[in-house]
Amino acid sequence: MQISKSATDAFLARLWFWQRRRDRRCAKLLMLSALVALAAGCSLSPRTYHDPNMDFSMIQTVAVLPFANLTNHKNAEDRVRDVFMNMLLSTGGVYVLPAGEVARGISRSQIPAGSAPSIDEIKKLGAVLGTDAVIAGVLKEYGEVRSGTAAANVLSLSLQLIEVETGRIIWVGASTKGGITTTDRLLGGGGQPMNTITEEAVSELIKMLFKG
Amino acid sequence: MAPVVWSVETAGGVEPFSYEFLWADSSGQIMKQQSSSPTWQWWPDRAGTYWLKVIVRDRFGNRAQSHWSSEFEITRPLIAALPLQNLSSTTAPLAMIRTELIALIQDAGFDLVADSDLQQFMASQRMRKVGGINGRRAERLKEATGAEALLITTLELYDEQLPLKIALLCRLVSLGQSPEILWVNSVALGGDDAPGILGLGLIEQPAALRSKALEALVTSLTQSLAGAKRVQPLPGKFQPKMAHATQERGWTGKAKVAVPPFYNVSDRKYGGEIMALHFLEALQQSGRFTVIEPGVVYDELLRFRIIMDDGISIPQAKAIFNTFKADFVLSGKVFDYQDTKGDWGMPVVDFSAEMLDNKNSQLVWTSKSYNGGSDGVFFFDWGRFTTASAMAAHMTRAISGFFAQ
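Taken in order, these protein sequences are the chains called Y and D. The working numbering puts the first sequence at residues 40 to 251. The working numbering puts the second sequence at residues 513 to 917.
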């Protein structure tokens, strides 16, 4: 079979056109994916969960357990917990047990220090302290972060509210505040003080807690 | 240690009456005080011989006066001055500071128990703790030496490296079965607090700074015992950063407060004890609280084997309430209590406070305070604080102001 030169050229031209079109589609898809990923990363929607079946008005008294500290900063968990307890009590929504009373409860319930308590341990602790719920938390980041010549303070905290009666997690929230901004990169400055960042993060978490 | 109460009885005349209280000393100087009340509390500011007289006027200006009274003697109470408690975590000339303090107190007209008598008493009682006194010991000290009051001085900070720094807390406690705090004050000075033009105001001799600090304390003591009320301005930057108070904390009269040492997570040794002493000062000076002598509180904590892990628990607070019939227990946590060495850096104080109520054993007050020495300073170090002690005194005073409201 003889194929004319013009037909071959026409076929190659069509093939080139489809390839270009496919490349453009791929590029568009890639860009869209990148945008979606970027949007997800920069999402402002809070990272929180509320148990839809829980009546939060039943929670009158709360014990805030010592937070787990995953940072290198000594006593950072104590500082953040103290701010959280103060701010939570200031809302007037719940009564927060004094830290010394919580320590007594932990000691009486024989919960090992620094460990995440099991459901049974939570129930036992609730019975000792006479509380409706306990809050457990993990401090993931605290202190200065560096990137190139820029430096700023950052705090990352996640909390869980656990109902004492059933041992169920009824609320979860996480907040990260501070970090290096574009202004920090361009102009320096070192970001906000640690106390301010702590208050911002804790304030956001408390807003999340009472939103449900 | 108590005021002289004048009480006037009148007969006849038309009310309302006005009263003029006159008193003369041995130098012939006559002083007077007007009052609309027939009773008046007089706090003599120095020992000596006095004569008294009262003039009463009625509504229409009719005047009646008493004769000058027979002479009477005002004597200063005998004071025992304990050796200094050193919470500065450094070596300091404690004996020298005490000697200088005693000299100034004697100059102000007070009588002091002889050192040999005090040392003999301390040895017989095996008394090593000099930061406070319990009721049993206070009574024995009174019996043994005849002293009516005890001066307890705490050295909080001492640094002879330039710029110099010194911080002292001093209190006068009545001796008896239940010791009461009669006066308390703190002073914190830096050699570079007021450098002035070309650094002419810098204090570079430790003796000069010591003397300035001790004079401030003794002046405050004499003025306080003469009935003067000290009102110091409080910069707004020392208000707590967050605070919560319940509605049920109203009380009438003076509330009795126990202030055990704060839970200390700071790097500063004795940070908890120091913060408790600053609260003691602030609460006592507010006039709305009677603070239980820390020596008595420590003794009971020891007796009940109370170890406050992470703060005070409800059963511990109840034990304190029952023992002392206290209305409140104030405790808290110290996160930072940092002084600087040399020219660089700034002092930092960071703590939280909580007050438990006797009525329902619940928190009636919580607050969080933190400040740096250069907070709110924009021009030429104006308003800068050079010691954590000075800041802590202001911060606790701001909180006690809230409590008292």
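Idealized CB from N, CA, C, for every residue including glycine.
- Boundaries around D/N834 are those of the alpha helix (DSSP H), 826-836, since no beta strand (DSSP E) includes it.
- For Y/E238, at least one C-beta of chain D is nearer than 9 Å to its own C-beta.
- Under the three-state reduction of DSSP output, D/M543 falls in the strand class.
- For D/K753, a Cβ of chain Y is located within less than 9 Å of the residue's own Cβ.
- Exclusion of the five residues before and after D/L674 leaves G703, E716 as the residues of its chain whose Cβ lies within less than 7 Å of its Cβ.
- Ranking D/G857, D/V769, D/F890 by CA distance to the CA of D/K830 puts D/V769 first.
- Under a 10 Å Cβ-count criterion, D/A615 is classified as exposed, with fewer than 16 other Cβ atoms of the shown protein chains found around its own Cβ.
- Counting along the chain, the unbroken alpha helix (DSSP H) around Y/V141 starts and ends at 138-148.
- If you keep only unbroken beta strand (DSSP E) runs of at least 3 residues inside the stretch 144-212 of chain Y, you get 172-186, 189-202.
- Per DSSP, reduced to three states, the secondary structure at Y/T100 is strand.
- It is roughly 37 Å from the alpha-carbon of D/Y782 to the alpha-carbon of Y/V203.
- At least one C-beta of chain D is nearer than 9 Å to the C-beta of Y/Y134.
- For D/K544, the CB contacts under 7 Å within the same chain, skipping 5 residues up- and downstream, are E532, F533, L534 in chain order.
- Judged by their CB atoms, D/A650 and D/G621 are not nearer to each other than the 9 Å cut-off.
- Per DSSP, the beta bridge partners of D/V846 are D/N776, D/F863.
- Closer than 7 Å at the C-beta level to chain D, one finds these residues of the stretch 105-124 of chain Y: N114, D117, R118, D121, V122.
- Residue environment analysis places D/S864 among the buried positions, since at least 16 neighbouring C-beta atoms fall within 10 angstroms of its C-beta.
- Contact note: D/Y882 reaches chain Y through N234, using a C-beta cutoff of 7 Å and chain order.
- Where Y/N234 is concerned, the enclosing alpha helix (DSSP H) starts and stops at 233-250.
- Taking Y/S148 as the centre and dropping the five residues before and after it, the same chain places the C-beta of E160, K163, L164, V167 closer than 7 Å to its C-beta, in chain order.
- It is roughly 46 Å from the alpha-carbon of D/G895 to the alpha-carbon of D/E585.
- D/K654: member of the alpha helix (DSSP H) spanning 647-657, first to last residue.
- Interface flag for D/E716 against chain Y is unset, since no Cβ pair is found closer than 9 Å.
- Within the same chain, Y775 come within 7 Å of D/D822 by CB-CB distance, once the 5 residues on both sides are set aside.
- Take the alpha-carbon of D/T587 and the one of D/K749: they are about 43 Å apart.
- Counting other Cβ atoms within 10 Å of its Cβ, D/E527 stays below 16 and is therefore classed as exposed.
- Shown in chain order are the members of the stretch 808-826 of chain D whose Cβ falls below 9 Å from a Cβ of chain Y: M820, D821, D822, G823, I824, S825, I826.
- Excluding residues up to 5 positions away in sequence, Q828 lie with their Cβ nearer than 6 Å to the Cβ of D/I818 in the same chain.
- Here the C-alpha atom of D/S798 lies approximately 12 Å from the C-alpha atom of D/W695.
- Rounded to the nearest whole angstrom, the CA to CA distance from Y/G217 to Y/V193 is 4 Å.
- Taking C-beta atoms as the reference points, D/S686 and D/L662 count as a pair closer than 9 Å.
- Put simply, of D/P550, D/K724, D/P859, D/S736 the residue whose alpha carbon is nearest the alpha carbon of D/M903 is D/P859.
- For D/F801, the enclosing beta strand (DSSP E) starts and ends at 801-803.
- With respect to D/S582, D/A755 sits apart: the two C-beta atoms are not nearer than 9 Å.
- A direct Cα-Cα distance of roughly 39 Å separates D/P595 from D/L564.
- Residue-level contact check: D/Y775 touches chain Y, since one or more beta carbons of chain Y fall below 9 Å from its beta carbon.
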